[in-house]
Amino acid sequence: MATVSMSWSLPTINNSSPSHLRRPNRLHSVMTSASLKKEISGVGVRVTEGQGNLPKVVLSSPHGSGGAPHCFPQFGPGPIQQHGFARNMNWSVVDSDDVEGNPVVTLELKDGPYSRSMWDFSFQAIYKAAVTGASVRGLRGCKTLNKDPDPKNPLVGKEERDVVTFPGFVDCVYLEAPDELLLDNGLGDKISIKNSNWTDAVLWNPYLQMEACYKDFVCVENAKIEKVQVDPEQSWTATQLLSLV
Numbered sequence: 001m002a003t004v005s006m007s008w009s010l011p012t013i014n015n016s017s018p019s020h021l022r023r024p025n026r027l028h029s030v031m032t033s034a035s036l037k038k039e040i041s042g043v044g045v046r047v048t049e050g051q052g053n054l055p056k057v058v059l060s061s062p063h064g065s066g067g068a069p070h071c072f073p074q075f076g077p078g079p080i081q082q083h084g085f086a087r088n089m090n091w092s093v094v095d096s097d098d099v100e101g102n103p104v105v106t107l108e109l110k111d112g113p114y115s116r117s118m119w120d121f122s123f124q125a126i127y128k129a130a131v132t133g134a135s136v137r138g139l140r141g142c143k144t145l146n147k148d149p150d151p152k153n154p155l156v157g158k159e160e161r162d163v164v165t166f167p168g169f170v171d172c173v174y175l176e177a178p179d180e181l182l183l184d185n186g187l188g189d190k191i192s193i194k195n196s197n198w199t200d201a202v203l204w205n206p207y208l209q210m211e212a213c214y215k216d217f218v219c220v221e222n223a224k225i226e227k228v229q230v231d232p233e234q235s236w237t238a239t240q241l242l243s244l245v
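Quick note: the sequence shown uses the UniProt record's numbering, first residue 1, plus one each step.
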């Protein structure tokens, strides 16, 4: 998931400015998101995965409207073109970083001859895009059996993270897991996974088997690793409840 946010500040225009351009200082912010499971193309913006797994954001477009809402320095009709000119200009990459395992890229737009031909003011707009993926909460403190790299000889450990992510191949058993986990699917949905009588959990994705699609698929399973013996005329029941929160 690419979460894209943008903010800018408009310049102060004094009373000597033409009345049709006069407006107060204000701060605008917009946000859009796109899944990076494949290249996302839209009129006015293209978000894809670029070099070094950083999000590649192309903001220039010959089209008139659509895409990420880069409505700057105006939204509706006015003295300049509808929705402004920012969506038609090339932006510069000014920074890239890794924040808690999530790649982040920062882009900048400044005034130039093209913008000043319509809007004769200096400005700076910053656009930041971060790639985030699926994550699971609720497993901190659990004993783990990590089946990577050798599924036949899992590594014993303890989960120290509050938020478990899927940066690559994951195949791990969590013993004595809580009766509720929270899955963030990376697309804006949070899913509660409640259970009764399942004592353990398993997190995995199909990276080794289907490398091309591991970014599109993660599995959070309730499990019972220890043997359950059911005698004749007896029963054993376990439940799982999935709900959006």
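Don't be surprised by glycine CBs; every beta carbon is placed ideally from N, CA and C.
Using CA atoms only, rank isn't needed, just tell me which of 71, 124, 114 and 129 is closest to residue 97. Answer by Cα proximity: 129.
What's the gap between the Cα of residue 138 and the Cα of residue 120? 53 Å
Host beta strand (DSSP E) of residue 174 (start-end): 171-175
On the DSSP bridge assignment, give the partners of residue 219 in chain order. 204
DSSP state of residue 113, grouped into three classes? helix
Residue 129 - DSSP class collapsed to helix/strand/coil: strand
Out of 193, 206 and 105, point me to the one whose CA is closest to residue 221's CA. 193
Name the two residues that bound the continuous beta strand (DSSP E) containing residue 139. Taken as a continuous stretch (DSSP letters only), residue 139 belongs to no beta strand (DSSP E), as it is neither H nor E.
Report the partner residues of residue 135 according to the DSSP bridge assignment. BP columns for residue 135 point to 165 and 184.
Can the beta-carbon of residue 170 be found closer than 9 Å to that of residue 126? It is not a contact, given that the beta carbons lie outside the stated cut-off.
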